[in-house]
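Participant: Just so we're aligned: the first sequence equals residues 7 to 435 in our numbering.
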Amino acid sequence: MLRTHFIQDVTPDLDGKEVVLAGWVHNVRDLGGKKFILLRDKSGIGQVVVDKSSPSFEVARELSQESAIQVKGTVKADRRAPNGVEVSCNELRILSKAKAPLPLDVSDKVKADIEVRLKERLLDLRRQEMQAMIRIQSTAVRTFRDTLYKHGFYEIFTPKIIATGTEGGAQLFPVIYFGKEAFLAQSPQLYKELLAGAVERVFEVAPAWRAEESDTPYHLAEFISMDVEMAFADYNDVMNIVEDVIANVLDNVAKNHQNDLAILNHRLPSITRPIKRVTYREAIQILQSQGLPTKFGDDIGTPESRVLNKVLEQDLYFITDWPAEARPFYTKRKEGNPEISESFDLVYRWLELVSGSSRNHTREVLEKELRARGLNPINFEFFLKWFDYGIPPHAGFGMGLQRFMLMLTGLQSVKEVSLFPRDKKRLVP
RNA sequence: GCCGCAGUAGUCUAGCCCGGUCUAGGAUGGGGGCCUGUCGAGCCCCUGACCCGGGUUCAAAUCCCGGCUGCGGCGCCA
7 MLRTHFIQDV
17 TPDLDGKEVV
27 LAGWVHNVRD
37 LGGKKFILLR
47 DKSGIGQVVV
57 DKSSPSFEVA
67 RELSQESAIQ
77 VKGTVKADRR
87 APNGVEVSCN
97 ELRILSKAKA
107 PLPLDVSDKV
117 KADIEVRLKE
127 RLLDLRRQEM
137 QAMIRIQSTA
147 VRTFRDTLYK
157 HGFYEIFTPK
167 IIATGTEGGA
177 QLFPVIYFGK
187 EAFLAQSPQL
197 YKELLAGAVE
207 RVFEVAPAWR
217 AEESDTPYHL
227 AEFISMDVEM
237 AFADYNDVMN
247 IVEDVIANVL
257 DNVAKNHQND
267 LAILNHRLPS
277 ITRPIKRVTY
287 REAIQILQSQ
297 GLPTKFGDDI
307 GTPESRVLNK
317 VLEQDLYFIT
327 DWPAEARPFY
337 TKRKEGNPEI
347 SESFDLVYRW
357 LELVSGSSRN
367 HTREVLEKEL
377 RARGLNPINF
387 EFFLKWFDYG
397 IPPHAGFGMG
407 LQRFMLMLTG
417 LQSVKEVSLF
427 PRDKKRLVP
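1) Kindly list the residues whose CB is nearer than 8 Å to the CB of L376, restricted to its own chain and excluding five residues on each side of it in sequence; keep chain order.
2) Run through DSSP, which three-state label would G446 get?
3) Helix or strand or just coil, what does DSSP make of N33?
4) For G50, I'd like the list of residues in its chain whose CB is within less than 7 Å of its CB, leaving aside the five on either flank, ordered along the chain.
5) According to DSSP, N343 sits in a beta bridge with which residue or residues?
6) Counting Cβ pairs closer than 8 Å, one from the region 342-360 and one from the region 258-273, do we hit at least three?
7) Buried or exposed: where does K41 fall if 16 or more other Cβ atoms within 10 Å of its Cβ makes it buried?
8) First and last residue of the alpha helix (DSSP H) that includes G203?
9) Of the choices R365, N258, R283, K282, whose alpha-carbon is the least far from that of T145?
10) Between the region 227-236 and the region 206-215, do at least 3 Cβ pairs fall closer than 8 Å?
11) Excluding sequence positions up to five away, which residues of its chain have a Cβ less than 7 Å from the Cβ of N33?
12) Helix, strand or coil for G404? Go by DSSP, reduced to three states.
13) Can you check whether the CB of A118 is closer than 8 Å to the CB of L110?
14) Run through DSSP, which three-state label would G175 get?
15) Could you pull out every residue in the same chain whose Cβ sits closer than 8 Å to the Cβ of M411, ignoring the five residues on either side in sequence?
16) Suppose you measure from the CA of M136 to the CA of Q264; what does that come to, to the nearest Å?
17) If contacts are defined as beta-carbon pairs under 8 Å, then D240 and P399 qualify, I think. What distance do you get, rounded to the angstrom?
18) Give the single residue among R216, V31, M236, N262 whose Cα lies nearest to the Cα of A106.
19) Less than 6 Å between C-beta atoms, sequence neighbours within five positions excluded: which residues of the same chain meet that for P88?
20) Taking 8 Å as the threshold (C-beta atoms), are S295 and W356 in contact?
21) Could you tell me the alpha carbon to alpha carbon distance between F324 and I281, rounded to whole angstroms?
22) Which of the three DSSP states, helix, strand or coil, is assigned to N271?
23) Give me the residue from S276, V284, Y286 with the minimum Cα distance to L414.
24) May I have a chain-ordered list of the alpha helix (DSSP H) segments no shorter than 4 residues that lie completely inside the region 210-284?
25) Just the C-alpha distance for T80 and P18, rounded to the nearest angstrom, thanks.
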């Protein structure tokens, strides 16, 4: 290893000890007879002092911002130093020199536009804000997994190259598969349902692709979908799972990332359990009472959601029991009320975070619902045939990771929380 | 895809309304110099830019038209 310590582990009580550090040159303050190097590694930023008397003084003249270096030195507890500690450099190696000037200011003195940031993404990802975002995302995904494991779910992997689209609606990306037409999966929907028919409780964290016209801060052509499917359960059961996931993630991020939240200048939303649930009908009534000309059957769009957010005074709320027509064919209608489906969205302010439902589990109903949407059941035979062999009632949901991250970081665009975003006009880097 | 706004050094920004004073200002970065306790180190010198094409005009960064690119809102969706 090229280091003995991370920067955050160099504390005043190590005074006099020899350490080897490695990281990037965040900045150099050159005082002539003495240079202060701000060295950054994954754990933070610390100070290295190179004195004129040190043999490495000549090497230090060559330093440029963002060069990767290795420092051997002696820890000095010194109240003049940031955090009361610094490393006096005995040996300095430039591991990889960075070209100057940088196309992007990593130290954040000059803010860059999102376009430049994405173009120069790797340097952008070295910024403290993006590092905080990545750390929070890692905790969020781990907590999602932990919560589901706790509820007895298995992590699964479904095919991403598929023969037919799952739902209609969203556009698919075609690929050539050994000379045949195939598509990138827009959702693991049908496969996760089938697997719930084998092992009951499954989840997947994986990319999904949508070739849509959408060009907004909330859409990506490639995004990470966190999918859950549960047999012998209905939409109320999975809403409880959603609640547990959200609550655990908020807890864990609050517990472990106060420093990162401070870097991002963000306060997590507080939630009440249970999370507020309004039916679609109630939502429409609220909108009407606010003077919006919305009627049953209309979609609840962004402007409408903004109103709901205000009236409900909740940052997180479920809208349940959507009109059946507005939902995909696998969504179960409500018994005795076939206009309505057993479905829900979880909305953060005005942004749809999660979408889920009870599913149809008989072949007859599925075929009827396909036909009602102008789809041909023959194209779904690979899926439908298994419903002849005891697929139990089941329910599930899908959650957009990047949208969830907006809630956890306060950042404004899913492109910012995607490491290398793919959108309508971005294929590189 | 529609509507609105915007494109000035590597990066960020002033100037644009009211054309000439712009030989385009500042910050940050980069090069050089001074400086042994900096904390966004400081000081001095230098470096580098008007998105592309057309038009109006004696004169265009500035006004007009077209294109390209980006940002915001909306639609579609997670």
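For every residue, glycine included, the Cβ atom is placed at its ideal position computed from N, Cα and C.
Facilitator: In terms of the structure at hand:
1) F335, N382, P383, F386
2) The structure shown does not extend to residue 446, since the chain is modelled only from 7 through 435, so no value can be given for it.
3) strand
4) I13, Q14
5) K340
6) no
7) Here K41 is buried, its C-beta having at least 16 other C-beta atoms within 10 Å.
8) 195-205
9) Ranked by Cα distance from T145, the first of R365, N258, R283, K282 is N258.
10) Cβ pair count under 8 Å is three or more, so yes.
11) L44, Q71, S113
12) strand
13) yes
14) Confidence is the limiting factor: at G175 the pLDDT is only 49, short of 50, which leaves the residue's position unreliable and the question unanswerable from this model.
15) Result list for M411: M139, I142, Q143, A146, L417, V420, V423, in chain order.
16) 15 Å
17) Their Cβ separation, rounded to whole angstroms, is 7 Å, which keeps D240 and P399 in contact under 8 Å.
18) V31
19) Q53
20) no
21) 7 Å
22) coil
23) Check the Cα spacing between L414 and each of S276, V284, Y286: the tightest is with S276.
24) You should have 241-262, 264-270.
25) 11 Å
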